[in-house]
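Please read the structure below before turning to the comments.
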Amino acid sequence: MGYRDILANYKNVLLGVLAALLIGIGLIWYSGIGARAYAMDNNLEASYQTAFFDLIDSTENLDVLLGKALVSDSKGQNIITLTTAWHEAERARISLGQLPLEMPAMMRSQHYMAQLGDFCYSLAQKLAEDMEISQEEMNTLEKLHNETRTMHQELRELTTTVAEEKQFRFANLARRTGKLTPEARLFVDGFGKMDQRLQDEVPTLTYDGPFSDHVVNMEPRGLTGDEVSPQEASKIALNFVNELGYDLNVERSEETTGHIPTYNVRLRPQGQRQGETVVGISQQGGHVVWMMYGEAPQANEQINREAAFEKAQEFIDQRDLGEFTQIGFLEEGNELLVNYAMVQDGVIIYPDMLQVTISLESGNIVGYDAAKFYTSHTERELPEPEITEEEARKKANHDLQVEEVRLALIPLANLDEKLCYEIKGTMNEDIYYVYINAQTGKEEKVLLIVETEEGTRSI
């Protein structure tokens, strides 16, 4: 065998070894991706299951608490019981929102929990003010107790599907890929039937609370202008997304009858079936009430939080709805949701709120919600304060380390709006907002502000 033959064989062996190495590395890399994807899928499934079983736990606790409230004759004990029920109802509402179910299957259930919690809070507030709970209110509480017990039993029946059927996975409901298995269909239909029963059987609540029916169904005050046609609404929606830099085409428009009647205009990129964007245009006046951008953002222009704040503020300024100031934010995943309240004559108008969501991957506006603004906004004549800022400071707890005081118009549970001094302070390292009525000096509300790396929320 000549030198060239030996060299050729050596090259062939070397190429074979390199090919084997590349294949091995590729398999390891691919298996690593598969392992990460499998782990992420399991984590997502675990979060859905946690939300579901938290919902069952909350409804069971509500069943017990409402029963205790009906039996107890102690005002002090019932204040604690009803306040705890309020927190449990909110916990149940949050758990419902975390399940991968379409909104029609749980809309009434979430509304029910919101009403139930606020009804319990309104009763606790009456007791705290040394007022009596009426017999009519007790009858309503008993009906709600029975409905909650039935709801808990219905949820318990659905646990059989989750616990025993190996084919059932919540993540499959979230992906909506392919035809639902019989087990998944049973689960979805179970929620749908429960939601319909709540719609048909739950009594109308007429208490003065933010989730009472008369509040939810209040006439929006901020809508102006004449009725617009579906064609006009589609043009408004298309102009709106174009101004945001999105190249989309109108696919169809759907008329909805909700709190604010809208045309839901659905848009997609040309020739694509994925990435649907929906814009809600008010039937009266053609106002952009909300927008949800549906296409996955391109991860080619990642921005930090401060840059996102600037983009959100620039967008709000361009809406030409008035002066707004940032009042809070929440970062979830790769998105930053920013809350704004209107400012009038230097006074923060909390009822008139806007929300903007920014993608931290692309820097684009991917969400907008002006429903609260168009519900509450009106021309207001703000009263002059009857007490001074110094007098308001003295009304707050003397142990509160005051950091800032400003005037704010806040909404109360019965739809009243009160001009207050917003006193921001700390006590035991916790941040509180205390609201002192600027006319009477009465303490109207106290909020605990929880600050985390992801954002702020009030309790």
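All the letters of the sequence shown, read from the start, carry residue numbers 13 to 471 under the numbering used here. Note that beta-carbon positions come from the ideal geometry of N, C-alpha and C, so glycine has one too. Values in this document were obtained by computation on a predicted structure and should not be read as measured data.
- If you draw a straight line from the Cα of D332 to the Cα of H123, it is about 32 Å long.
- Shown here for W302: same chain residues with a beta carbon closer than 7 Å to its own, the five before and five after excluded, namely G292, Y380, D381, A382, A383 in chain order.
- Between the C-alpha atoms of E57 and T172 there is a straight-line separation of about 17 Å.
- For K430, the enclosing beta strand (DSSP E) has its first and last residue at 429–439.
- When secondary structure is reduced to three states using DSSP, Q356 falls in the strand class.
- E335 and Q165 have their C-alpha atoms some 49 Å from each other.
- Cα atoms of G298 and E72: separation of roughly 44 Å, rounded to the nearest angstrom.
- Close CB contacts of G202 within its chain, under the 6 Å cut and outside five residues either way in sequence, are with L170 (chain order).
- Per DSSP, reduced to three states, the secondary structure at A450 is coil, with no helix or strand assignment.
- At a cut-off of 4 residues, the continuous stretches assigned as alpha helix (DSSP H) that sit fully inside the segment 225–264 are 225–228, 242–255.
- Excluding sequence positions up to five before and after D442, its CB lies within less than 7 Å of the CB of L460, all in the same chain and listed in chain order.
- Per the coordinates, the alpha-carbon of L74 lies some 42 Å from the alpha-carbon of N316.
- Restricting attention to V378, L78, E326, L394, the CA atom closest to the CA of I422 is found in L394.
- Beta-bridge partners of S294 (DSSP): T274.
- Taken in chain order, the complete alpha helix (DSSP H) segments of 4 or more residues contained in the segment 390–419 are 401–407.
- G453 and L279 have their C-alpha atoms spaced approximately 51 Å apart.
- Looking at the DSSP output, D442 bridges to M439.
- When rounded, the separation of the alpha-carbon atoms in K406 and V417 is 12 Å.
- In the DSSP annotation of this structure, the continuous segment of the alpha helix (DSSP H) that includes S121 starts and ends at 119–140.
- Contact annotation: the segment 266–283 does not touch the segment 363–373, with fewer than three C-beta pairs closer than 8 Å.
- Assignment of beta-bridge partners to V83 by DSSP yields no partner.
- Membership of S374 in any alpha helix (DSSP H) is not indicated, and neither H nor E is assigned to it by DSSP.
- If the five residues before and after A81 are omitted, its C-beta is found closer than 6 Å to the C-beta atoms of N90, T93, L94, all from its own chain and listed in chain order.
- Scanning its chain for C-beta atoms nearer than 8 Å, with the 5 sequence neighbours on each side dropped, one finds around E463 the residues I443, in chain order.
- A distance below 6 Å between beta-carbons, with the five flanking residues on each side excluded, links N346 to the following residues of its chain, in chain order: L372, E373.
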